[in-house]
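See structure below.
Number of protein chains: 2
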Amino acid sequence: MKQIKRVLIVGGTHGNEFTGIYLVKKIEGFSSRKDLSTPNLIQRKSFECVTTLANPNAYKIVKRYVDTDLNRCFQLQDLENPNLSSYEAIRAKEIYQTFGTGGSQQADFVIDLHSTTANMGLTIILASKHPFNLYLAAYLTSKNSKVKILYSATRHQDSPHLDSICEFGCTVEVGAVAQGILDATLFQQTEELTYAILDYVEAYNQGNLPPFKDTLTIYEGIQTIDYPRNEFGEVQAMIHPKLQFRDYEPLHPGDETFITFEGEVITYKGSSKVYPVFINEAAYYEKGIAMFITQKTSEILTY
Amino acid sequence: MKQIKRVLIVGGTHGNEFTGIYLVKKIEGFSSRKDLSTPNLIQRKSFECVTTLANPNAYKIVKRYVDTDLNRCFQLQDLENPNLSSYEAIRAKEIYQTFGTGGSQQADFVIDLHSTTANMGLTIILASKHPFNLYLAAYLTSKNSKVKILYSATRHQDSPHLDSICEFGCTVEVGAVAQGILDATLFQQTEELTYAILDYVEAYNQGNLPPFKDTLTIYEGIQTIDYPRNEFGEVQAMIHPKLQFRDYEPLHPGDETFITFEGEVITYKGSSKVYPVFINEAAYYEKGIAMFITQKTSEILTY
């Protein structure tokens, strides 16, 4: 396989997810001390590493987006459509034209830094199941057994995410943390994970990858569940306290899932054990998603 | 003292604090089932209880506010100024003209329901130290020892809050919870606390107050501390992990308070033990507040 020549680190695809924004600010050097910037943090011998703040206007107003969710704006036909003029459509085109295929700084690998109000710990969402990404996942979980690997075959189907602009890549999703704040522990863990990804790319380029275990646990997204709502779309039940913050833990048929405002318990109606993630993510209320349902699978790695 | 004739319950003074918004929706009956509304929840014999969603447009966009913080819009001269035309200035005038002094539904007591990303548990912020409010605080802490009482003599000085429109009142502040989500446990606790406040008003009106302990613990706000920032106003350090979520716990001189992005620890420089609250509240980044510093005091109640 070809060498990775350029890696792109993205913060602030969502303007209220401060962890990635401040990590990119740290890497770039804050406004007041460009001279003190610390490119050595992301400098590796075999490739160039660049950074970008994806949605600066959303960050200014501490919102996920200005007009529309930037992380759903990377459909190829949209990126090639000169008539789309929402702020995020324009930013998506700028990002793609700079770092995407044929771009002025075309990147081979993208790390998109996100945070969530769900208790996702340190999650890597794979952009694809290409062996390069799978080995990355194996590398990261071997370095830190708390890292979880998430994948959804249908994730990019209708509204491709930013991490689809490069051949390889992943989304880093950390939580639980509220929007618009910094959690020092999660910040430091995200930073460590980001540098570990760069270390992997370096080891790969140098033909120096360490041996991996031959199986990898991947949580595979299979469907989403919405909150119970009335005919006006109003939420009629909350995540049950027994499920809140229990991302990646098994949910069995009959387990408490929601509780109505009157205290009525709604149980899980599925037919087998599943593993919910993105439980009670703030940004998904408007998307009609109370949680993602995943299955825990084992991927056999071949060498 | 005169009887309380009308109590106002306010949700959604901040549009992204769902706990109070959904409690008011529940009390009012959701849109689809006005016929099933449950006024009995807030009905007491000796007074009328009314509700309002204070900032519906901010709720629609799941933001704290549209133009400006509604909870800083209750200066009397602003309420009487017909030229102020921001969305929140207009809403403040409408709320005041309806429920304030001389209003069409003048209320004697207001409960303003808020939530915070800080770990404030169940906090009652007193609008004043009038004995009526102090006895309320004593009543609530006797019912639930986890309830904390907060007061700041300077809170209303520059920019009065909504709870200043009535003679008596309090702000209910619960957390930690991210903006834009519902936490079932906190929702239920807020509901219980709200009904307990109504029970207190009822007992007061009926001359039927239970005996109280003669001292009340009040956390008195004395100052705020901002994040360390550079000359461009950019945050340069995070709340230290040892302080995060430790609202109402003692902070001693020399204790870890912030940690910079480079890992440098910044300690508390005060000269005596204090009790920080509102630690890492998302909405206060823009206000230049990393936490409120309080002193733990004992208020002697007289009968």
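Line order of the protein sequences matches chains A and B.
If you read the first sequence in our numbering, its first letter stands for residue 177, the second for the next number, and so on.
If you read the second sequence in our numbering, its first letter stands for residue 177, the second for the next number, and so on.
In this text, a Cβ means the ideal position worked out from N, Cα and C, and glycines have one as well.
By a beta-carbon distance limit of 8 Å, VAL453 (chain A) does not contact ALA352 (chain A). Their separation comes to about 12 Å. Under the Cβ distance rule, GLN420 (chain A) counts among the residues neighbouring chain B, one pair being separated by less than 8 Å. Here VAL377 (chain A) carries a helix assignment [DSSP, helix/strand/coil]. With its beta carbon less than 8 Å from one in chain B, ASN406 (chain A) belongs to the interface. Ranking A:ILE180, A:PRO232, A:PHE468, A:TYR327 by CA distance to the CA of CYS225 (chain A) puts A:ILE180 first. PHE285 (chain B) is a Cβ neighbour of PHE344 (chain B), given a cutoff of 8 Å. Neighbourhood of LEU358 (chain A) in chain B, by CB distance below 8 Å: VAL411, MET414, ILE415, ASN456, in chain order. Taking a Cβ-Cβ cut-off of 8 Å, the neighbours of THR361 (chain A) in chain B comprise PRO417, GLN420, given in sequence order.
Under DSSP, PRO452 (chain B) forms a beta bridge with B:ILE469. At least one C-beta of chain A is nearer than 8 Å to the C-beta of TYR198 (chain B). In the DSSP assignment, ALA314 (chain A) falls within the unbroken alpha helix (DSSP H) covering 307–319. Counting only Cβ-Cβ distances below 8 Å, TYR461 (chain B) has contacts in chain A at VAL238, GLY356, ILE357, in chain order. Contact annotation: in the stretch 287–317 of chain B, residues whose CB is within less than 9 Å of a CB in chain A are THR293. Rounded to whole angstroms, ALA268 (chain B) and TYR311 (chain A) show a C-alpha spacing of 57 Å.
Of all residues in the stretch 420–440 of chain A, only GLN420, PHE434, ILE435, PHE437, GLU438, GLY439 place a beta-carbon less than 9 Å from a beta-carbon of chain B. For ALA265 (chain A), the enclosing alpha helix (DSSP H) starts and ends at 263–275. Here GLU367 (chain A) carries a helix assignment [DSSP, helix/strand/coil]. Straight across, the Cα-Cα distance linking CYS342 (chain A) with LYS463 (chain B) is about 39 Å.
With a beta-carbon spacing of about 6 Å, LYS324 (chain A) and TYR395 (chain A) fall inside the 8 Å limit used to define contacts. Inter-segment contact for the stretch 356–371 of chain A and the stretch 409–416 of chain B is present: three or more beta-carbon pairs are separated by less than 8 Å. The contact set of LYS202 (chain B) on chain A, defined by CB atoms closer than 9 Å, consists of PHE437, GLU438 in chain order.
As the crow flies, the alpha-carbon of MET177 (chain A) is around 55 Å from that of GLU440 (chain A).
Counting along the chain, THR195 (chain A) sits inside the alpha helix (DSSP H) bounded by residues 194–204. For PHE206 (chain A), the C-beta contacts it makes with chain B under 8 Å involve ASN406, PHE408, GLU410, GLN412, in order along the chain.
Contact check for ASP243 (chain B) against GLU264 (chain B) passes: the beta carbons are separated by less than 8 Å. About 6 Å separates the beta carbons of ILE197 (chain B) and LEU229 (chain B), which is inside the 8 Å limit, making them a contact pair.
Close CB contacts of LYS239 (chain A) within its chain, under the 7 Å cut and outside five residues either way in sequence, are with GLY191, ASN192 (chain order).
For SER447 (chain B), the number of other beta carbons within 10 angstroms of its own is below 16, and it is reported as exposed. Apart from the 5 residues on each side of it in sequence, THR443 (chain B) sits with its Cβ closer than 7 Å to the Cβ of GLY430, ASP431, GLU432, THR433 in its chain, given in chain order. In chain order, ALA234, GLU264 place their CB closer than 6 Å to the CB of TYR241 (chain B), counting only its own chain and leaving out the 5 sequence neighbours on each side. Counting C-beta pairs with one atom in each stretch, the stretch 398–415 of chain A and the stretch 467–478 of chain A have three or more that are closer than 8 Å, which means they touch. Annotation: TYR371 (chain B) to ILE435 (chain A) spans about 20 Å, alpha carbon to alpha carbon. Cβ neighbours of ILE185 (chain B) within its own chain (closer than 6 Å, five residues either side excluded): THR227, ILE287.
Around the C-beta of ILE266 (chain B), fewer than 16 other C-beta atoms lie within 10 Å, and the residue is accordingly described as exposed. Annotation for ALA379 (chain A): LEU385 place their beta carbon closer than 6 Å to its own, counting only its chain and skipping 5 residues before and after.
When the five nearest sequence neighbours on each side are left out, the beta carbons in the same chain lying within less than 7 Å of the beta carbon of GLU367 (chain A) are those of LEU199, in order along the chain.
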